[in-house]
Amino acid sequence: MRLFTLAVVLGCGACADQCCFNDGDVISLQADTGHYLGRCNNCIWDEVYADSAFVHITEPWLGQWTVFNAGDGKIVLQADSGNFLARCNNCAPGASYPDEAFVHVDDWTASPWAQWTCVDVGEGKIALQADNGNFLARCKDCVNGAYSQAAFVHASGINDGSWVHWMIESDGQYLPNRCQMPTNAPCTDVPTTTPCANTSTPAPYTGAPTTALPYTDAPTTAPSTDLPIPAPYTNAPTTDSPYTDAPSTVPQTNVPVMTPATTLPATTRPVACGTCNNCFYAAGGNLCWDNWTESACTASDLYTWCGATTWTPTPAPSTTTPTATPGTDSPTTAPSSDYPVATDAPTTQPPLATPSPTTSASQPTSVTPATTSPTTIAPTTVAPPTAAPTTAAPTIVATTTAVPTTAAPATMAPTTLTPTTAAATTIVPTTGSPGPYLCTQPRVRKAWASLSEAEKTTYKDAIAVAMDVGLYQRFLTMHADRMDNMQAHGTCGFMYWHRQYLIGFENMLRSLKPEFACITIPYFDYVNDNTKYMARSCNDMASCSPILNELGSAADGASTTVDVMGYSQTSRCDSTYPLNHFNPNEGTSGALGCVPRGDWTTTYFPSEVSFTSIKQALMEDPNVVAVNRAIETQPHNNIHATLGGIMDNAYTSPADPIFFSHHSMVDALNAIYFKCRVAPLGYSDQQKQSSALGFEGCSVHGESAITAMSAITMRVIVGGTPVNVHDDPSVSPFFKDVPNEYYKLIDNTDLGPNSYSFELSGLVGDLYTKCGAAGLQSQGRLRGLNDVPAYTSGRVENYVVSLQNASHVAKYNGWRTAITSATQSLGWTPAVTETEINKMVVAYYHYCLPGGVHDLSPQDKKMWRVDSVSKQVLGKLLDGSDPIQVPGWQALNAQHFDCSVQPAM
Numbered sequence: 001m002r003l004f005t006l007a008v009v010l011g012c013g014a015c016a017d018q019c020c021f022n023d024g025d026v027i028s029l030q031a032d033t034g035h036y037l038g039r040c041n042n043c044i045w046d047e048v049y050a051d052s053a054f055v056h057i058t059e060p061w062l063g064q065w066t067v068f069n070a071g072d073g074k075i076v077l078q079a080d081s082g083n084f085l086a087r088c089n090n091c092a093p094g095a096s097y098p099d100e101a102f103v104h105v106d107d108w109t110a111s112p113w114a115q116w117t118c119v120d121v122g123e124g125k126i127a128l129q130a131d132n133g134n135f136l137a138r139c140k141d142c143v144n145g146a147y148s149q150a151a152f153v154h155a156s157g158i159n160d161g162s163w164v165h166w167m168i169e170s171d172g173q174y175l176p177n178r179c180q181m182p183t184n185a186p187c188t189d190v191p192t193t194t195p196c197a198n199t200s201t202p203a204p205y206t207g208a209p210t211t212a213l214p215y216t217d218a219p220t221t222a223p224s225t226d227l228p229i230p231a232p233y234t235n236a237p238t239t240d241s242p243y244t245d246a247p248s249t250v251p252q253t254n255v256p257v258m259t260p261a262t263t264l265p266a267t268t269r270p271v272a273c274g275t276c277n278n279c280f281y282a283a284g285g286n287l288c289w290d291n292w293t294e295s296a297c298t299a300s301d302l303y304t305w306c307g308a309t310t311w312t313p314t315p316a317p318s319t320t321t322p323t324a325t326p327g328t329d330s331p332t333t334a335p336s337s338d339y340p341v342a343t344d345a346p347t348t349q350p351p352l353a354t355p356s357p358t359t360s361a362s363q364p365t366s367v368t369p370a371t372t373s374p375t376t377i378a379p380t381t382v383a384p385p386t387a388a389p390t391t392a393a394p395t396i397v398a399t400t401t402a403v404p405t406t407a408a409p410a411t412m413a414p415t416t417l418t419p420t421t422a423a424a425t426t427i428v429p430t431t432g433s434p435g436p437y438l439c440t441q442p443r444v445r446k447a448w449a450s451l452s453e454a455e456k457t458t459y460k461d462a463i464a465v466a467m468d469v470g471l472y473q474r475f476l477t478m479h480a481d482r483m484d485n486m487q488a489h490g491t492c493g494f495m496y497w498h499r500q501y502l503i504g505f506e507n508m509l510r511s512l513k514p515e516f517a518c519i520t521i522p523y524f525d526y527v528n529d530n531t532k533y534m535a536r537s538c539n540d541m542a543s544c545s546p547i548l549n550e551l552g553s554a555a556d557g558a559s560t561t562v563d564v565m566g567y568s569q570t571s572r573c574d575s576t577y578p579l580n581h582f583n584p585n586e587g588t589s590g591a592l593g594c595v596p597r598g599d600w601t602t603t604y605f606p607s608e609v610s611f612t613s614i615k616q617a618l619m620e621d622p623n624v625v626a627v628n629r630a631i632e633t634q635p636h637n638n639i640h641a642t643l644g645g646i647m648d649n650a651y652t653s654p655a656d657p658i659f660f661s662h663h664s665m666v667d668a669l670n671a672i673y674f675k676c677r678v679a680p681l682g683y684s685d686q687q688k689q690s691s692a693l694g695f696e697g698c699s700v701h702g703e704s705a706i707t708a709m710s711a712i713t714m715r716v717i718v719g720g721t722p723v724n725v726h727d728d729p730s731v732s733p734f735f736k737d738v739p740n741e742y743y744k745l746i747d748n749t750d751l752g753p754n755s756y757s758f759e760l761s762g763l764v765g766d767l768y769t770k771c772g773a774a775g776l777q778s779q780g781r782l783r784g785l786n787d788v789p790a791y792t793s794g795r796v797e798n799y800v801v802s803l804q805n806a807s808h809v810a811k812y813n814g815w816r817t818a819i820t821s822a823t824q825s826l827g828w829t830p831a832v833t834e835t836e837i838n839k840m841v842v843a844y845y846h847y848c849l850p851g852g853v854h855d856l857s858p859q860d861k862k863m864w865r866v867d868s869v870s871k872q873v874l875g876k877l878l879d880g881s882d883p884i885q886v887p888g889w890q891a892l893n894a895q896h897f898d899c900s901v902q903p904a905m
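Residue numbers for the sequence shown follow full-length UniProt numbering, so the first one is 1 and each next one is one higher.
As structure tokens, this is what we get:
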């Protein structure tokens, strides 16, 4: 990739105090770490200025800024939101460097703090001097949170260190005609190796906007221990930015704010590449991006330059009055009780006064760059906000800031498929995928309850079509094959076998029709639904879980005995759409037209799916094998057994579409485990294969071995003969490019063209964000980072949004807060506290909830190879061998859950 030239091309050398840009140039700023400066959308929860600047982007086209000349050698940098990069005065009070860079100014003409004196420091690099005389610089670990590299205005000069210098890249190519002489800044010929004196005088310091960010707990420059910090990007030796002691006093300033701004000309929308199939031009250049594979159109290189014969760029915006396009980001997170909220930062009045300059941090000490060999592990635990699922016309959004919405994607409108009760015709599976069809959305799995009605309808339509064409049944045979099933259950490969299985199923659904191209498998969030049950805002699984009533029904269908692939099942048979399209026997005339299910109006949640039980399984077990076993035997097996019907069969349970949403939830729990316990370790490829937390081998029920490099056994039964899914033409397209070695499936965001992310919320989102600190009131407050969908090196990342109608979560959290407050004075560790909370959950189930603590039947214990953990805990409570140790626990249960029974234990 070539650097954008800064040299003046008409009789002028590379003058060190001038930077030459055309108005409308789109550039990227690369720090000395190799990462790029980007806008982090709404990353500071509940604050007046939520969009801060981080050095967290790994590809230049994901962190782009539009340049406008402000005169006198100054430039302004506009983000994709329409706002401008600016110095935010004293926005981190009490921190070592209180002046942070935010993307919060909407009118640069009235905001000197948004105007940067651009200094050419040679070798294609620039420095940006703010109105107070300091320079924009990378600051390592200067804020708590998931992104350790932030942009502060704390460097005193261009020679402070490499963290002050920013490499310029523009469209990945050299375009000399995009450089021109600044109007008000004559340039003098100076040799490129000799720095020129800065002839521009910084504008008088007028006081940048002030707002209090959540640094109320005596923040320092040390990284937080509550959220894992990703391993630093070290493809080149990194020189850390300096640290100084936090000032003892924090200067205060008046709060000037921006006058309303007019709108810039609309930026050019990406259009289809003239020579690439299913590809669009990425915004701001000729990058041809394949939306199906989420990679460049050719495999030979990351970029391919398609012929732009059908693309006419919009003329550059006027240089007279460049003002900001109103931001289009919608809020992604509701106010969190864990973080203080700034309440008084006026945003509509001009500056009231010109305050005195703030006290600068002490002169930093130079740090010698590290000389150790750099690693190549990129951070994977957080999501730079980039992709934008919206209802707009399909485009590729190659920015750093888009916000997810709850509206249906444009490509997921409901089809005209009409539910029928007629028997299906003879099934003739397709011999290959008619797709892939174009999808311009990030590949994000959401909770069923978070889907729009249109998205729910589209998903049900896709299930019906898959059943009609026979591909649904082909996937049923994969799970029913005994050899497959033995490797998929009761082994260290449980989570990863099913991950590959779900990706293939999802790809199949996406291939059926253009309107299904963006479908992902919605997950059954029984952690959130169980919390409703505990808060007694609902009475049973049917009334607590919308998916059980909407993907089929919770109680319809007469009891009958049916045969599914040789397994006899007696239960109600639900013919609610789309289940009326189900035919268990491929290739026969006539469909069963229903799916065997339990009566979910008289079914209750097992305590094994409670937040506490799942948190213990994910965060406390010592290795990945133990975590695998805990997730499989507790939430997974108990949901199967509790729902009953065909779901209570370890082989044929995929006959019910609820199966795929259940396993999508299991997969989300696996994503949380990886983010919290594996990704922060920065494992090399070799370490992933052999570490206790990455992947550990095992045997298939005492027989064949599973190693990290073992190929997954997954076979489809065709005409009674098992065939490897990669060899059968009817299903092989759906597994194309899906990793087939176990250890390569441990990270859902690192699966090449099949990468995907999760949208998480409520207690599951809290678990993803805070990991082991989730649900513990005793943990200190952190500066919150709000994750949104992102393209990072061509892949999406998991993110967290607010949960709607969350009164049950507030009630549950209030109960946990009271418990942890009581245990703090006792000096208990978090692990001990969680164990005691789990006992209280079991006691609450036993004495206060309608389902009580129920044991599994002998048949279920044999089928799923599991005992009821909660029943064992209850037995020890009742016989006194392991009583609850929390003082006054009965009163706490009664106070927060209105449980009148207070047994003495």
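The beta carbon of each residue, even a glycine, is placed where N, CA and C say it ideally should be.
Counting along the chain, no alpha helix (DSSP H) covers D160, and no H or E run does either.
A straight-line Cα-Cα distance of about 15 Å links G598 and G851. The residue among Q487, G697, Q78 and A894 with its C-alpha nearest the C-alpha of Y844 is A894. Taking the C-beta atoms as reference points, Q569 is found nearer than 8 Å to P596. Exposed is the label assigned to V832, since fewer than 16 other Cβ atoms lie within 10 Å of its Cβ. Per DSSP, the beta bridge partners of F135 are Q129 and A155. Listed in chain order, the non-local C-beta contacts of Y812 below 7 Å within the same chain comprise T531, M534 and A535, local neighbours out to five positions each way being set aside. In this structure, the straight-line span from the alpha carbon of A86 to that of Q115 is close to 7 Å.
In the DSSP assignment, S613 falls within the alpha helix (DSSP H) that extends over F611 to M619.
Shown here, E836 sits in a helix according to DSSP, grouped into three states. The beta carbon of A31 sits closer than 6 Å to the beta carbons of V55 and R138 from its chain, once the five residues preceding and following it are set aside; these are given in chain order. When secondary structure is reduced to three states using DSSP, R482 falls in the helix class. Take D898, set aside five residues on each side of it, and the residues of its chain with a beta-carbon closer than 8 Å to its own are R536, in chain order. Under the 10 Å beta carbon count, M541 is surrounded by 16 or more other beta carbons and is classified as buried.
Annotated as proximal: V866 and N637, with beta-carbon spacing under 8 Å. Per the DSSP secondary-structure output, K74 pairs in a beta bridge with G71 and T117. The continuous beta strand (DSSP E) containing I57 extends over residues S52 to I57. In the DSSP annotation of this structure, the continuous segment of the alpha helix (DSSP H) that includes T820 starts and ends at S807 to Q824.
The Cβ-Cβ distance between R39 and D25 does not fall below 8 Å. Under the three-state reduction of DSSP output, I521 falls in the coil class, being neither helix nor strand. Runs of the beta strand (DSSP E) lying entirely within the region 526 to 566 and spanning at least 3 residues, in chain order: 559 to 564. Boundaries for E703: no beta strand (DSSP E) harbours it, and the DSSP string shows neither H nor E there. Distance check between Q487 and each of L618, S450 and A650 places A650 closest, using alpha-carbon atoms only. In this structure, C19 is the residue among C19, R629 and Q149 with its C-alpha nearest to the C-alpha of E123. Spatial neighbours of V869 in its own chain (CB-CB distance under 7 Å, excluding positions within 5 residues in sequence) are listed in chain order as E608 and Q634. Residue pairing from DSSP places I27 in a beta bridge opposite W65.
Per DSSP, the continuous beta strand (DSSP E) segment holding P722 begins and ends at T721 to N724. A distance below 8 Å separates the beta carbons of P654 and H479. Between the region 639 to 649 and the region 700 to 719 there are fewer than three inter-stretch CB-CB distances shorter than 8 Å, so the stretches are not counted as touching. In the displayed model, A447 falls within a strand according to three-state DSSP. For E100, the enclosing beta strand (DSSP E) starts and ends at E100 to V105.
In the assembly as shown, P858 is an exposed residue. Its beta-carbon has fewer than 16 other beta-carbons within 10 Å. With respect to the C-alpha of V121, the residue from D667, L502, W166 and E834 having the closest C-alpha is W166. For E455, there is no enclosing beta strand (DSSP E); the enclosing alpha helix (DSSP H) covers residues E453 to V469.
Inter-segment contact for the region 451 to 464 and the region 681 to 700 is absent: fewer than three beta-carbon pairs are separated by less than 8 Å. Closest in C-alpha terms to Q890, from the list A818, A454 and L592, comes A818.
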